[in-house]
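A short write-up of the structure that comes next.
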Amino acid sequence: GNIPAGAGLAFQDDGETASNGAAAGGADRETVDEAAARFLQELSVTAKCACAADYEDLARTTPGLRVAAARALPGYDPDEPSGGGNSPVVTVVVVPASSKPRMLPDARFLKEVQDRLLCLRPVCTRVRVISPAYEDVYATVRLKGRETVTQEAVRSLFERYLSAEGAGIGGPVRPGELAARLQAMPGVLQILGVDLRAPGPGCYQDASGDIRLPRHAIPFLRELKLEPEDMPGQD
Numbered sequence: 029g030n031i032p033a034g035a036g037l038a039f040q041d042d043g044e045t046a047s048n049g050a051a052a053g054g055a056d057r058e059t060v061d062e063a064a065a066r067f068l069q070e071l072s073v074t075a076k077c078a079c080a081a082d083y084e085d086l087a088r089t090t091p092g093l094r095v096a097a098a099r100a101l102p103g104y105d106p107d108e109p110s111g112g113g114n115s116p117v118v119t120v121v122v123v124p125a126s127s128k129p130r131m132l133p134d135a136r137f138l139k140e141v142q143d144r145l146l147c148l149r150p151v152c153t154r155v156r157v158i159s160p161a162y163e164d165v166y167a168t169v170r171l172k173g174r175e176t177v178t179q180e181a182v183r184s185l186f187e188r189y190l191s192a193e194g195a196g197i198g199g200p201v202r203p204g205e206l207a208a209r210l211q212a213m214p215g216v217l218q219i220l221g222v223d224l225r226a227p228g229p230g231c232y233q234d235a236s237g238d239i240r241l242p243r244h245a246i247p248f249l250r251e252l253k254l255e256p257e258d259m260p261g262q263d
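Per the numbering used here, residue 29 is the first one in the sequence shown, and the count goes up by one each step.
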C-alpha cells in the first residue's frame, strides 16, 4: 500500500521506531473476490506443453528473445513428409520481431526456443523449432476509387494481411478477405477483382481461388499491380 511520511513504523523484534518518508505507487491489499478472480485466471495458464496453443505461447515468451509469431504444427516434420517418424513430433515455426522484411531467426535464436520447449514437452514427444519459409505472392488489383487510393496504401494493406500476424504462418491467403479489406479503405468505391499468384514449390490455388501454402510458410508480397479504372465524370 501507500504509506505517508512519519507513519510511526517500528521494528517487530525490539519495537524500536523508525522514521520513514512517504511511499507511493503501491497496491492495496488484495480482496477475497480479487484473489478468487486471480486464481481462476491462473488456472488457464500452464507451464507445460499440453496442446498446440501451449507450445506457441511458451515459444513467444522465451526469456531474452523478442518473438513476433509462433505456430505449432503437431504431427508435421518438413523433413519427413510421410508423417514424422516413429514418435510424435511437434514442429514450431518462430519469427523474430523486426522491422525488416523476411526476417529469419539465427541458430542461437532457434536453440533458445527449442531448449525452453524441450524442458516442458511431454515425454517421448520430439520437438523441432524451425525458421519459416517465405513464399512470393504476386497480386493484381482492379478497382474503382478516388485519387487518394494510392499504390503505397494498397501495398501497405496487403503486407499487413500477408504478415505472420495477418494471414499467419501456413496461410491460406484468401482473395475474398483481401477484397473485403480493400473495400473498407477510404476512397475505394468498388473492387473489380483481386488476382493472386504464388508460383513457389508446394503452393497451389484451390477451386475457391485461395492460395494454399506449405504449413511452415509465410506469404510475402513480391509484386503488386494496381489497375484503377476511371469513374464516370472523371478526366
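Yeah, the Cβ is synthetic: ideal placement off N, Cα and C, and Gly gets one too.
Source: prediction; values computed, not measured.
Quick check: what's the CA-CA separation for residue i versus residue j?
i, j, result
"G92", "C147", "17 Å"
"S191", "L145", "24 Å"
"P102", "Q142", "15 Å"
"A64", "D56", "16 Å"
"G112", "V155", "The predicted model places G112 with a pLDDT of 49, which falls under 50 and marks its position as unreliable; any figure quoted below should be read in that light. Approximately 11 Å between the Cα atoms of the pair."
"T90", "K76", "13 Å"
"Q233", "E257", "27 Å"
"G198", "C231", "10 Å"
Compute the distance between the beta-carbons of residue i and residue j, then report whether it is under 7 Å.
i, j, result
"A226", "E163", "yes"
"I158", "V121", "yes"
"A195", "P247", "yes"
"P203", "G228", "no"
Short of 6 Å in beta carbon distance, which residues of its chain neighbour residue i, apart from the five on each side in sequence? Order them along the chain.
i, result
"A207", "I219 and V222"
"A80", "A100 and P102"
"T45", "A38"
"I265", "Residue 265 cannot be examined here, being either before or after the span of the chain that is shown, 29 to 263."
"V117", "D105 and R154"
"E251", "Y166"
Which same chain residues end up closer than 7 Å to residue i when comparing Cβ atoms and leaving out the 5 residues on each side of it in sequence?
i, result
"P214", "T176"
"R130", "Y162 and F248"
To which residues of the same chain is residue i closer than 8 Å at the C-beta, ignoring the five residues directly before and after it?
i, result
"E193", "A96 and A97"
"R188", "G194"
Between the stretch 162-173 and the stretch 214-230, can you find at least three pairs of beta-carbon atoms closer than 8 Å?
yes
Length-filtered (3 minimum) beta strand (DSSP E) runs lying within the stretch 126-192
154-158 and 161-173
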